[in-house]
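This report concerns only the one structure given below.
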Amino acid sequence: MSTRISFILNGSRVTVDVEPWESLLDVIRKKLGLKGTKLAFCRGACGGCGACTVIIDGRAVYSSILPAYKVDGRNVITIEGLASPEGLHPLQEAFVEAGAIQCGFCTSGMLMSAKALLDENPDPSDDEIKDALRGNLCRCTGYVKIIEAIKLASKRMRRPAGGG
Amino acid sequence: MPFKPSKLLLPTSMDDAAEVLSENAGHAVIIAGGTTIYGIKYSGLLDHVDTVIDLSKLGLDYLKEEDGIAIGAYTTFIDIARSSLIRSHREFMAIVDAIRAVPSRQLRNMATIGGSVASSLPYYDLPVALTALDARIRIYGRSGRKEVPILEFLEAPLKPKLMDHEFVYEIYIPFHEGSSSAHEKFTINDFDYGIMTASALLTFSRDGRIEGGSIAIGGGIPNLVTLDCVKGLRPEEMIDEVAELARKEVSPIEDYKASADYRRYLAGVVAARALRRAAWRYREQ
Chain E
1 MSTRISFILN GSRVTVDVEP WESLLDVIRK KLGLKGTKLA FCRGACGGCG ACTVIIDGRA
61 VYSSILPAYK VDGRNVITIE GLASPEGLHP LQEAFVEAGA IQCGFCTSGM LMSAKALLDE
121 NPDPSDDEIK DALRGNLCRC TGYVKIIEAI KLASKRMRRP AGGG
Chain S
1001 MPFKPSKLLL PTSMDDAAEV LSENAGHAVI IAGGTTIYGI KYSGLLDHVD TVIDLSKLGL
1061 DYLKEEDGIA IGAYTTFIDI ARSSLIRSHR EFMAIVDAIR AVPSRQLRNM ATIGGSVASS
1121 LPYYDLPVAL TALDARIRIY GRSGRKEVPI LEFLEAPLKP KLMDHEFVYE IYIPFHEGSS
1181 SAHEKFTIND FDYGIMTASA LLTFSRDGRI EGGSIAIGGG IPNLVTLDCV KGLRPEEMID
1241 EVAELARKEV SPIEDYKASA DYRRYLAGVV AARALRRAAW RYREQ
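These protein sequence lines are chains E and S, in that order. Position one of the first sequence corresponds to residue 1 (the working numbering), numbered consecutively onward. Position one of the second sequence corresponds to residue 1001 (the working numbering), numbered consecutively onward.
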């Protein structure tokens, strides 16, 4: 028995039929073809790695354990919604510059957690950044450069464009 | 057959919900944030389920004051931890600690108080804090409303004391004047359930002695355990005694994370830490 849901995905309205057991991640990747959000070792039974993180109504959530029907009428942002036609999001630029990416598998989830944090708290402390990333695992970088990248992006986003 | 429910029901009134639960008894599960259900979907425990019942249309997402705090079952951890109703009372800080003990921001954004309680899992943090705070579980069913003390409600792992047609709609936590509380969790890594956990609620007299209070212990034990605090002592005078009593009262499980003996030892450690922190919080905050 599928349910028809309609929601805003990266700024555009989408309508899709979903089964009660389907996760939002399955729907985003398989039905809507957006492959930037990752599924890792948990097979959709959360191990807490954070690779599947998306933002719903301003809050970071695990899309692999969220039933898709629950996003009916809500606003969903995935990694594909981060960059604009003008270029990369400041967080993406900062990740590249700071060397916060190695294998890249965790990166989309890290960026979504970081975006949810900066949208809510434009000038987070180190502890606040660490707390926001507790639900995201990276097995390559050791987190230091990721934290540096978020601080760099936070600084740039607070400063008006073109300012010193 | 693995967990793959074919039917989704979204009742729109409390009576509808009780009716739908009763009609689908034996093959349905209530879903709130979904974090527990998805977490155990490969365990085989949900293989008989073909119907998911979602109560999110009942408006159970709220915190309100009523000679204590009443929290709707579908209120998320993050909304509870940020609520000024909770944070303005020292006696409720064990709740904030317990939510902070959930390592992932994403899970705190998704998990709900009702789901946490109705999962009836001793290694979940929030029910331990709620037990120390003497919370009551408000239940709705075909015969109307009723209220059950949380310890009685948490009958066995994954088996709360609920009839087929009943569901948790609210959690009530009484005020505890002149009290403070704290929750402690012991883990080996950041992203794990508590190997042992404890919450302490302490009520003080004006001269800083303990008037009463309780300590709830959870983690790797089949059922939560509570200890009453000795009246008339200062917190530092009872720490050793509490630790010893905690070790005596628990019957821990043994698994790849920790032996039963180590868990027993930790029961004393977390009980003492919770007590110290609740006492510190009373003096300092």
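Every residue gets a Cβ at the ideal spot worked out from N, C-alpha and C, and that includes glycine.
Checklist entry - Under 7 Å between C-beta atoms, does LYS1007 of chain S make it to chain E? => result It does: the Cβ of LYS1007 of chain S has a partner Cβ on chain E nearer than 7 Å.
Item to check | Alpha carbon of PHE1191 of chain S to alpha carbon of PRO1103 of chain S, nearest angstrom | outcome: PHE1191 of chain S and PRO1103 of chain S have their C-alpha atoms roughly 6 Å apart.
Checklist entry - What did DSSP end up calling ILE79 of chain E once you bin it into helix, strand or coil? => result Three-state result, ILE79 of chain E: helix.
Item to check | Continuous beta strand (DSSP E) stretch holding GLU959 of chain S: start and end | outcome: In this structure chain S extends from 1001 to 1285, so residue 959 of chain S is not present and cannot be described.
Next on the checklist: Rounded to the nearest angstrom, what separates MET1110 of chain S and GLY48 of chain E at their Cα positions?
Outcome noted: A straight-line Cα-Cα distance of about 13 Å links MET1110 of chain S and GLY48 of chain E.
Next on the checklist: Tell me the rounded alpha-carbon separation between PRO1157 of chain S and LYS145 of chain E.
Outcome noted: In a straight line, the C-alpha of PRO1157 of chain S is about 41 Å away from that of LYS145 of chain E.
Checklist entry - Quick one, are the C-beta atoms of ASN10 of chain E and GLU80 of chain E less than 7 Å apart? => result Against a cut-off of 7 Å, the Cβ pair of GLU80 of chain E and ASN10 of chain E comes out as a contact.
Item to check | Beta-carbon spacing of GLY1220 of chain S, ILE1195 of chain S below 7 Å | outcome: Going by C-beta atoms, GLY1220 of chain S is nearer than 7 Å to ILE1195 of chain S.
Next on the checklist: On a Cα-Cα basis, can you pick out the residue from S:LEU1224, S:ALA1129 and S:GLY1034 that is closest to LYS70 of chain E?
Outcome noted: Distances from the alpha-carbon of LYS70 of chain E to those of S:LEU1224, S:ALA1129 and S:GLY1034 put S:GLY1034 closest.
Checklist entry - Relative to the alpha-carbon of PRO1002 of chain S, which residue among S:ILE1030, S:ILE1215, S:LEU1045 and S:GLY1213 has its alpha-carbon at the smallest distance? => result In terms of CA proximity to PRO1002 of chain S, S:LEU1045 leads the group S:ILE1030, S:ILE1215, S:LEU1045 and S:GLY1213.
Checklist entry - Where does the unbroken beta strand (DSSP E) through MET1196 of chain S begin, and where does it stop? => result MET1196 of chain S -> beta strand (DSSP E) spans 1196–1204.
Next on the checklist: Short of 8 Å Cβ to Cβ, which residues in the region 1188–1206 of chain S face chain E?
Outcome noted: Those would be ASP1190 and PHE1191, in chain order.
Next on the checklist: Less than 6 Å between C-beta atoms, sequence neighbours within five positions excluded: which residues of the same chain meet that for PHE1153 of chain S?
Outcome noted: So the qualifying residues of the chain are ILE1137, PRO1160 and LYS1161.
Next on the checklist: Is the separation between the beta-carbon of GLY135 of chain E and that of ARG1105 of chain S shorter than 7 Å?
Outcome noted: ARG1105 of chain S sits close to GLY135 of chain E, with the two beta carbons spaced by under 7 Å.
Item to check | Beta-carbon proximity list for ALA1032 of chain S, same chain, < 6 Å, skipping 5 on both sides | outcome: So the qualifying residues of the chain are TYR1074, THR1112, GLY1114 and GLY1115.
Checklist entry - By the criterion of Cβ-Cβ separation under 8 Å, what are the contact partners of ILE144 of chain E in chain S? => result Ile is not the amino acid found at residue 144 of chain E; the sequence shown has Val there. Against VAL144 of chain E, chain S offers no close residue; the least beta-carbon distance is about 16 Å (beta-carbon pairs closer than 8 Å).
Checklist entry - Is the beta carbon of ALA1279 of chain S less than 7 Å from the beta carbon of ALA1243 of chain S? => result No. Outside cutoff.
Next on the checklist: Judging by CA-CA distance, which residue of S:ILE1069, S:THR1076 and S:ILE1099 is the nearest neighbour of ILE1086 of chain S?
Outcome noted: When each option's Cα is compared against that of ILE1086 of chain S, the closest is S:ILE1069.
Next on the checklist: Spatial neighbours of LEU1133 of chain S within its chain, please: C-beta separation below 8 Å, excluding the five flanking residues on both sides.
Outcome noted: Result list for LEU1133 of chain S: GLU1091, PHE1092, ALA1094, ILE1095, ILE1173, PRO1174, HIS1176, SER1181, SER1199 and LEU1201, in chain order.
Checklist entry - Since THR15 of chain E and ARG29 of chain E are thought to touch, with beta carbons under 8 Å apart, how far apart are those beta carbons, to the nearest angstrom? => result The pair is not a contact, with the Cβ atoms about 17 Å apart (cut-off 8 Å).
Item to check | CB contact below 7 Å: GLY1059 of chain S versus chain E | outcome: Closer than 7 Å: no.
Item to check | Close beta carbons around LYS1146 of chain S, own chain, < 6 Å, minus the five adjacent residues each side | outcome: Non-local beta-carbon contacts of LYS1146 of chain S in its own chain, meaning distances under 6 Å to residues more than five positions away in sequence, involve ILE1139 in chain order.
Item to check | Within chain S, partners of SER113 of chain E - CB distance below 8 Å | outcome: Proximity of chain S to SER113 of chain E at the Cβ level (cut-off 8 Å) is accounted for by ARG1105 and GLN1106, in chain order.
Next on the checklist: With a threshold of 7 Å between beta carbons, is THR1131 of chain S in contact with chain E?
Outcome noted: Output row for THR1131 of chain S: interface = no.
Checklist entry - With DSSP run on the structure shown, which of helix, strand or coil describes VAL1148 of chain S? => result In this structure, VAL1148 of chain S counts as strand in the three-state DSSP scheme.
Item to check | Beta-bridge partners of ASP1240 of chain S, as assigned by DSSP | outcome: Partner(s): none; ASP1240 of chain S has no beta bridge.
Checklist entry - Counting Cβ pairs closer than 8 Å, one from the region 85–93 of chain E and one from the region 1120–1134 of chain S, do we hit at least three? => result Look at the beta carbons and you see the region 85–93 of chain E not touching the region 1120–1134 of chain S: under three pairs across the two are nearer than 8 Å.
Checklist entry - Counting contacts by CB-CB distance shorter than 7 Å, is VAL61 of chain E in contact with chain S? => result With 7 Å as the cut-off, VAL61 of chain E counts as an interface residue toward chain S.
Item to check | Buried versus exposed call for CYS138 of chain E [16 or more other C-beta atoms within 10 Å across all chains shown] | outcome: It is buried - the Cβ of CYS138 of chain E has at least 16 other Cβ atoms within 10 Å.
Checklist entry - By DSSP, does THR1035 of chain S sit in helix, in strand, or in coil? => result Of the three classes helix, strand and coil, the one that applies to THR1035 of chain S here is helix, per DSSP.
Checklist entry - Residues in its own chain within less than 6 Å of TYR1193 of chain S by CB, not counting five upstream and five downstream? => result Cβ within range, chain order: TYR1123.
Item to check | Close beta carbons around ILE1210 of chain S, own chain, < 8 Å, minus the five adjacent residues each side | outcome: Taking C-beta separations shorter than 8 Å and ignoring five residues to either side along the sequence, the partners of ILE1210 of chain S in its chain run LEU1202, THR1203, PHE1204, CYS1229, VAL1230, LYS1231, GLY1232, LEU1233, ARG1234, PRO1235 and MET1238, following chain order.
Item to check | Sheet register partners of ILE1171 of chain S (DSSP bridge) | outcome: DSSP, once it has assigned bridges, lists S:ILE1071 and S:ILE1137 as partnering ILE1171 of chain S.
Next on the checklist: Any heavy atom of the ligand MN inside 6 Å of the beta-carbon of ARG1209 of chain S?
Outcome noted: No copy of the ligand MN occurs in the structure displayed, which carries no ligand at all.
Item to check | Cβ contact (3+ pairs, closer than 8 Å) linking the region 57–74 of chain E and the region 94–108 of chain E | outcome: Taking 8 Å as the limit for Cβ pairs, the verdict is that the region 94–108 of chain E does not touch the region 57–74 of chain E.
Item to check | Separation of LEU1058 of chain S from PRO85 of chain E, as counted between CA atoms | outcome: Distance between PRO85 of chain E and LEU1058 of chain S, taken at the CA atoms: about 41 Å.
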